[in-house]
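Mapped onto my numbering, the consecutive letters of the sequence shown carry residue numbers 4 to 532.
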Amino acid sequence: MPKFLFVTGGVLSSLGKGIFASSLARLLKSRGVNVAQMKIDPYLNCDAGTLNPFEHGEVFVTRDGFECDLDLGNYERFLNVFAVREQNLMMGSAYKTVIEKERRGEFLGKTMQVIPHVTNEVKRRVKRAADVTKCDLLIVEIGGTVGDIESEVVLEAVRQMKFEHERGDAVFVHVALVPTVTTGEEKTKPLQHSVKALLARGISPDFLVARSAKPIGRDSKEKISLFCNVPPEYVFCSPDLGSVYELPLLLEKQGVAEAVAGKMGLKLGEPDLAEWRKLVEKMNSCKVNKRVAVIGKYASMKDTYASVFEALKHAAAKNGVCLEAVLVNSEEIEKGKVDLKAFDAFVVPGGFGSRGVEGILAAIRHARENNVPYLGLCYGMQLAVVEYARSMLGWKDANSAEINPETKHPVICILPEKESLTNLGGTLRLGAYEVAVSRGTKAHAAYGADKITKRFRHRYEVNPELVPALEKAGICFSGRDPEREIMKLMELPSHQFFLASQFHPEFDSRLEAPEPLFDALLKATLAKK
Ligand code: GLN
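Shown next as structure tokens:
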């Protein structure tokens, strides 16, 4: 029977509950516990596919093709695993299941109620996540903040789970803010109030985590313990850190794994954190400074490109680079406000729609003409092809049909079999597929394999009819769909490093194993004088 550890949040959102949950998972895994993670998002969306990345952060894609919350990216990175769709429940999907059952008449005249019908569905999904991942311990992060209207149903469901399980088989960790006021004093009152809010919902937390700027002092810890009914040795702290990868090490020092294992009756082996520690130290003792521009259109929030920034950090740690990864707004490039010469490399991540595209094309042109390392991811490959067609084939109107459906040179288009689908629904290619990599290319050198499996989230493709002309003009398509002549990787052999993929390599990067294209990008950056 799997055990459950629920992580709730108090006072405000964006406390790093996901990073805490992942760090704890990592610690327990490194001591031999078979742990998996789940995220419950209380809002009414059914998946993250329609969420605005500008408001909500990156849409992460599981290998089985689910568009989910970016926290699943953290789970994958910290545990070095691949997540599956069952690990993210967006509450819209629970309500949908319940309502569909009602429509089919499965409840035989019953009044449909939040309790028990929706709460039962939540419990079923949580147990299902544990089943599918075959874990002994499922760490379930509950999105939002205790007290939010949407969260009530979820909290009620997991409260019931605690009640239904043996003591210690379902426990709660509450993460809440402990702010420091201008006098320098740590204030525990907001945390105390958020614990009261939890108690009012019938949940008494087993562990508390103070989220603070600096490690909290003994006094604060004792005060929290006394007022919240949690022994001081079960009160931990998660302070601001240079990098999120330091948190498992810091929690290890506080004895979090032992405390949780003690309470839950988990057997722990010796921790195996040597490699992780080495990489964190390497990150902190980097030598060469490099600036990489990530050209985005959702450029006020780095979370929009979370996996891209993490992948860059992983490659930087491996290569001993002190990386300054700068999110550049492509519309600022269009206005001539960005000095492109200030960067040692460029990354163009995924995107949709036409806003800011000319700015992205200008950055790509700059990288190509000046032999500056370039990595394109999905949209970054499509736009690299557009830029090349315009500059090198003289097709001034070359474009993606997504941006200009009227162009005479649609170098990026929707494949004919998908054209008949009139709306956007159902045309997005999602999840992991194989890619055949051609020998003797930079991509092959990076991957060292003829076949790779990578994640996709796109609708448009390089136009197969225009491929011969593009190849003749100098583009090498170094990766293809294994079954059809559809291009999945492109590079410029004449350039030091100009490589782009139709897939999203950023989702696969790990601190211990940087994704090869990011590693190759940083190596190229180092090689360039
Ligand atoms: N908008 C492009 C497409 O749909 C690229 C998508 C992306 O970058 N994820 O094909």
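From the three backbone atoms N, C-alpha and C, an ideal C-beta is built for every residue, glycine too.
So, with DSSP's three-state summary, where would you put residue i?
i	result
T122	helix
A404	coil
G265	helix
A533	The shown model of the chain, from 4 to 532, leaves out residue 533, and the question about it has no answer.
G323	coil
M164	helix
L2	Given a span of 4 to 532 for the chain in the structure shown, any question on residue 2 remains unanswerable.
M94	helix
N287	helix
F85	coil
V212	strand
G379	strand
N332	strand
I455	strand
T183	strand
I489	coil
S512	coil
G339	coil
P413	strand
How long is the line joining the alpha carbons of residue i and residue j, rounded to whole angstroms?
i	j	result
A472	R371	19 angstroms
E61	E313	12 angstroms
G383	P508	12 angstroms
M490	G482	6 angstroms
V465	N373	25 angstroms
A213	A452	46 angstroms
L140	M93	21 angstroms
F3	G379	Here the chain comprises residues numbered 4 to 532, so residue 3 is not present and cannot be evaluated.
V375	F510	24 angstroms
G112	Y463	47 angstroms
G443	K457	20 angstroms
G150	I227	20 angstroms
R107	K281	56 angstroms
V178	I102	33 angstroms
M304	V350	16 angstroms
A318	V121	44 angstroms
A97	V117	11 angstroms
S25	S241	13 angstroms
E249	P182	21 angstroms
F230	L253	25 angstroms
M286	E236	31 angstroms
G354	D172	43 angstroms
L343	H498	18 angstroms
Going by other Cβ atoms of all chains shown within 10 Å of its Cβ, with 16 needed for buried, is residue i buried or exposed?
i	result
L47	exposed
R127	exposed
D243	exposed
E409	exposed
M115	exposed
D222	exposed
G21	buried
E185	Reading off the sequence shown, one finds Thr at residue 185, where the question assumed Glu. Exposed.
K454	exposed
T307	buried
T53	exposed
G356	exposed
D44	buried
F110	exposed
When every heavy atom of the ligand HEM is checked, does at least one fall within less than 7 angstroms of the C-beta of residue i?
i	result
C479	Here the bound small molecules are the ligand GLN; the ligand HEM is not part of this structure.
Q: Would you check if the stretch 161-172 and the stretch 195-209 touch, i.e. whether three or more CB-CB distances between them fall below 8 angstroms?
A: yes
Q.
Can you confirm whether the stretch 60-76 touches the stretch 84-94 when touching is taken to mean that 3 or more C-beta pairs between the two stretches lie within less than 8 angstroms?
A. yes
Q. Taking three-plus beta-carbon pairs below 8 angstroms as touching, is the stretch 438-452 in contact with the stretch 520-528?
A. yes
Q.
Quick check: the stretch 267-275 against the stretch 314-322, are at least 3 beta-carbon pairs closer than 8 angstroms?
A. no
(Q) Does the stretch 184-200 come into contact with the stretch 27-40, if we say contact requires no fewer than three beta-carbon pairs (one atom in each stretch) closer than 8 angstroms? (A) no
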